[in-house]
Ligand code: XUL
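In our numbering, the protein residues as written are 24 to 566.
Below, the structure is given as structure tokens:
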């Protein structure tokens with residue numbers, strides 16, 4: 024029988040994951056992850072990264088990703104999976120991270136020897152041993168320089184879809200050019216995490232897709248072309264160093280002979296352009312129509328939604344990317360995601376069940392105890408010097424801190440997604456912490472919206488597998504529409520739907536205003552929120 028297998032791979036901050044699907048049966052055959060810290064300890068990463076003491080410079084190792092890819096394929100071979108029957112592969116990379124390569128990259132990929140490991144053969148293709156990733160916040164100066172050259176905030180947003188952001192590829196490239204000029208000159212190609220790994224599978228330099236390209240401050244969001252003004256504002260001769268851009272749904276070629284010989288893939292396996300983890304998750308959680316948003320609770324927490332018509336966040340906090348369907352998507356990224364939740368869980372020696380139990384037992388509104396959770400430098404709102412602020416409680420109050428961190432994360436998400444014009448009717452949750460129903464109940468009450476919880480937390484890898492299937496069928500003229508395709512895998516059972524408790528609607532509307540004032544007070548020199556907060560406590564808790 025002819026079976027249609029598709030593979031999605033996701034290179035995220037802390038791990039590399041594969042999801043293999045059988046589209047003839049609408050089945051997920053395998054999910055498998057390589058955790059960087061645990062399985063590749065010789066790179067000495069912590070949570071997948073290297074951080075400077077002040078937390079501003081955050082890099083990872085591109086060679087580690089390569090070694091992880093090899094380990095992953097070895098594991099698939101050991102499990103006797105039908106690699107030779109995989110029709111198409113696509114992938115996902117943590118967004119914004121850049122990989123700097125010299126002119127031996129292309130010839131090395133072309134001449135890979137399948138008797139030798141990838142990691143040995145790719146040792147000397149880098150002009151920069153480490154890659155700055157999305158957690159890096161060390162380029163404030165470069166952000167300002169580029170924004171100024173583009174004519175200020177508004178033109179920057181209109182051209183690239185986003186304000187300049189510390190973690191975006193353009194400002195990171197500019198910093199490299201300013202601080203490591205000779206190495207910049209030696210660099211022939213700059214890839215994103217996604218296009219770098221795609222290149223390795225392809226055996227030659229792969230294009231960057233429009234979804235991930237939109238997270239660079241270099242691509243024109245309307246024309247999908249590199250923008251000359253943005254390139255010139257960033258670094259000299261940059262156009263020559265960047266790969267071409269391509270649609271996320273384009274087939275970029277066939278798998279390189281190296282993988283055929285070493286792991287037994289079919290030489291006919293097609294590769295579909297890789298994209299960023301958030302565009303992939305958009306498909307992985309089934310956001311192919313208006314009115315649907317997702318929260319992804321991973322190392323970063325993100326809030327994103329499908330967008331039919333282009334609109335911008337003129338406050339400059341949110342982004343517009345291209346969606347894998349060719350439409351648009353909005354995205355807001357919060358750095359204090361799982362690491363912040365874990366900081367509280369670990370401080371009180373809790374496990375996740377105990378953490379959830381506290382959420383169940385404590386009242387919505389947390390007796391007016393409000394936290395601003397900047398354990399790490401924050402992206403939205405911009406906080407470069409991390410400090411955790413507490414209003415009405417202290418760091419030793421276990422219950423206050425557990426509910427405080429979770430309410431803060433979703434209040435902040437609600438507050439900073441107010442700019443998105445297309446009304447959200449349903450929220451889909453994904454990422455590790457979405458397995459925790461108590462956390463999602465808080466989110467559902469705060470947004471006063473139904474939340475759908477998925478069984479699968481690897482939505483980026485699943486999205487990549489689904490994208491590869493869509494492009495494969497398009498390429499053989501068996502057209503299948505996006506919604507039909509994603510619905511085959513996203514069967515949500517009733518017990519995975521979390522209903523908001525209407526009783527708390529007003530309370531959270533009011534708490535949002537208290538939170539807004541606390542944030543303004545700390546970050547924008549706003550008025551002291553204490554009386555306002557006390558009025559809230561009196562109204563809902565009576566003292
Ligand atoms: C999105 C962002 C993160 C990374 C890592 O803009 O920076 O979500 O993609 O997940």
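Built from N, CA and C at the ideal position, the CB exists for glycine as well.
These numbers were taken from a predicted model, which means no experiment stands behind them.
For residue i, the three-state DSSP class (helix, strand or coil)
i, result
"residue 87", "helix"
"residue 52", "strand"
"residue 167", "helix"
"residue 401", "strand"
"residue 105", "coil"
"residue 269", "strand"
"residue 560", "helix"
"residue 456", "helix"
"residue 99", "helix"
"residue 183", "helix"
"residue 298", "strand"
"residue 58", "strand"
"residue 450", "strand"
"residue 110", "strand"
"residue 443", "coil"
"residue 293", "strand"
"residue 156", "coil"
Neighbour-count burial assignment, residue i, 16 or more Cβ in a 10 Å radius
i, result
"residue 285", "buried"
"residue 564", "exposed"
"residue 235", "buried"
"residue 441", "exposed"
"residue 36", "buried"
"residue 174", "exposed"
"residue 77", "exposed"
"residue 33", "buried"
"residue 454", "buried"
"residue 24", "Here residue 24 scores only 49 on pLDDT, less than 50, and its place in the model is too uncertain to base an answer on."
"residue 232", "buried"
"residue 337", "exposed"
Span of the alpha helix (DSSP H), counted from its first residue to its last, around residue i
i, result
"residue 425", "421-439"
"residue 369", "361-370"
"residue 317", "Segment 315-320 is the beta strand (DSSP E) holding residue 317; no alpha helix (DSSP H) there."
"residue 66", "Neither: residue 66 is in no alpha helix (DSSP H) and is coded neither H nor E."
"residue 45", "No alpha helix (DSSP H) contains residue 45, which is instead part of the beta strand (DSSP E) from 38-45."
"residue 131", "128-133"
For residue i, the first and last residue of its enclosing beta strand (DSSP E)
i, result
"residue 608", "There is no way to answer for residue 608, as the model of the chain reaches only from 24 to 566."
"residue 33", "28-34"
"residue 476", "473-476"
"residue 310", "First-last for residue 310: undefined, no H or E at that position."
"residue 374", "Element bounds for residue 374: n/a, residue is neither H nor E."
"residue 204", "No beta strand (DSSP E) holds residue 204; the alpha helix (DSSP H) holding it covers 204-209."
"residue 411", "411-414"
"residue 344", "342-345"
"residue 145", "Note, residue 145: premise wrong, no beta strand (DSSP E); not H, not E."
"residue 396", "393-396"
"residue 351", "351-357"
"residue 124", "121-124"
Does the region 508-518 come close enough to the region 471-485 that 3 or more CB-CB pairs lie under 8 Å? Put simply, the region 471-485 touches the region 508-518. At least three CB pairs are less than 8 Å apart.
Under 8 Å, with one C-beta from each stretch per pair, do the region 340-347 and the region 183-202 reach the 3-pair mark? With a cut-off of 8 Å, the region 183-202 and the region 340-347 count as touching, because enough Cβ pairs lie within range.
Could you pull out every unbroken alpha helix (DSSP H) segment of at least 4 residues lying fully inside the region 474-556, listed in chain order? Listed in chain order, they are 482-498, 505-512, 528-547.
What ranges does the alpha helix (DSSP H) occupy inside the region 220-283, keeping only unbroken runs of at least 4 residues that lie completely in it? Whole alpha helix (DSSP H) segments, 4+ residues: 233-236, 251-257, 261-264.
Quick check: the region 344-356 against the region 199-216, are at least 3 beta-carbon pairs closer than 8 Å? Touching, no, given that fewer than three Cβ pairs across the two stretches are closer than 8 Å.
The region 493-512 contacting the region 306-317, beta-carbon criterion three pairs below 8 Å: Because the criterion of three Cβ pairs below 8 Å is met, the region 493-512 and the region 306-317 touch.
Just checking, does the region 521-528 make contact with the region 457-472 on the three C-beta pairs under 8 Å criterion? The region 521-528 vs the region 457-472: in contact.
Please determine if the region 386-393 and the region 531-538 are in contact, where contact requires at least 3 C-beta pairs separated by less than 8 Å. The region 386-393, when compared against the region 531-538, does touch it at the 8 Å Cβ threshold.
Would you check if there are 3 or more beta carbon pairs closer than 8 Å linking the region 548-563 to the region 360-380? With fewer than three CB-CB distances shorter than 8 Å, the region 548-563 does not count as touching the region 360-380.
If you pair each beta-carbon of the region 136-143 with each one of the region 51-58, do three or more pairs fall below 8 Å? By the Cβ test, the region 136-143 is not in contact with the region 51-58, since fewer than three Cβ pairs between them sit closer than 8 Å.
Can you find at least 3 beta carbon pairs, one from the region 286-293 and one from the region 252-266, that sit closer than 8 Å? With fewer than three CB-CB distances shorter than 8 Å, the region 286-293 does not count as touching the region 252-266.
Measuring CB atoms only, is the region 212-228 touching the region 105-118, in the sense that at least three cross pairs come out at less than 8 Å? The region 212-228, when compared against the region 105-118, does touch it at the 8 Å Cβ threshold.
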